[in-house]
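For reference, the structure discussed in these notes is given below.
Okay, here's the thing in structure tokens:
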């Protein structure tokens, strides 16, 4: 599978996320839990896959759980995806601690050293709270555990921030989707809402980029 095909696949899911998830629920029923678990784990646990739509996926899953007749249960969904995020973070931490920057020798086009540098800049400014804040920032949330594993943070301290970030991220966005997903306007303009979520999550990156440019 080429990088272009991966990007096309990701774009197709992003533009039709609610339809895709409803198809999965209708086709695979309870197995949808495992599919969502795997997606969240891969985004947070594999440093080579930083572009999966984590925030919008949680929102969409929550909104579908609010619909009548769907087998997804919000009280199963939230704890399950918290565990997926925790396992992903810990996997990423140990990849960073054992392999380190050698992973960039893979020459994977989606794996850019600038992502790591951006995450390290977050650490310099916010310290351990980066692991909580990064949960709501695409790309940075994938590289934050990896950067922590490079040696900037002891595992015990990492684990505390990791748990807090996973619980806050999954529970807040999934619950928001559950509460708003049944509103007709949200359902009819789902793509707009998804892009709004993505836009809000990218604001910290845009803000820091503008600030860095003017500071020079």
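Numbering (the numbering used here), first residue to last: 2 to 217.
Positions of the beta carbon are idealized from the N, C-alpha and C atoms, including for glycine.
When secondary structure is reduced to three states using DSSP, residue 158 falls in the helix class. Under the three-state reduction of DSSP, residue 165 is assigned to helix.
Just measuring C-alpha positions, the residue of 96, 30, 173 sitting nearest residue 57 is 173. By alpha-carbon distance to residue 67, the top candidate from 198, 142, 185, 194 is 185.
The DSSP-derived three-state label of residue 56 is helix.
Annotation for residue 93: the continuous alpha helix (DSSP H) segment containing it runs 75 to 99.
Shortest Cα-Cα distance from residue 151 to any of 137, 91, 139, 176 involves 91. In this structure, the beta-carbon distance from residue 30 to residue 72 falls below 9 angstroms.
At a Cβ-Cβ threshold of 9 angstroms, residue 181 and residue 194 count as neighbours. Only residues of its own chain outside the window of five on either side were considered, and among them 73, 77, 78, 81 have a CB closer than 8 angstroms to the CB of residue 34, listed in chain order.
Inter-segment contact for the region 138 to 157 and the region 92 to 99 is present: three or more beta-carbon pairs are separated by less than 8 angstroms. Rounded to the nearest whole angstrom, the CA to CA distance from residue 131 to residue 159 is 10 angstroms.
The C-beta distance from residue 64 to residue 178 rounds to 4 angstroms, short enough to meet the 8 angstroms contact threshold. By the CB criterion at 9 angstroms, residue 89 and residue 47 fall inside the cutoff.
Excluding its 5 nearest sequence neighbours in each direction, residue 55 has C-beta neighbours in its own chain below 6 angstroms: 44, listed in chain order.
A residue is called buried once 16 or more other Cβ atoms fall within 10 Å of its Cβ, and residue 32, having fewer, is exposed. The beta carbon of residue 25 lies closer than 8 angstroms to those of 33, 36 in the same chain, with the five residues before and after it left out.
In this structure, residue 133 lies near residue 169, with their beta-carbon atoms less than 9 angstroms apart.
Cβ-Cβ separation between residue 149 and residue 83: approximately 19 angstroms, too far for a contact (criterion under 8 angstroms). In this structure, DSSP gives residue 69 a state outside helix and strand, which the three-state scheme calls coil. Residue state for residue 172 is assigned as helix, using DSSP reduced to three classes. Here residue 183 carries a coil assignment [DSSP, helix/strand/coil].
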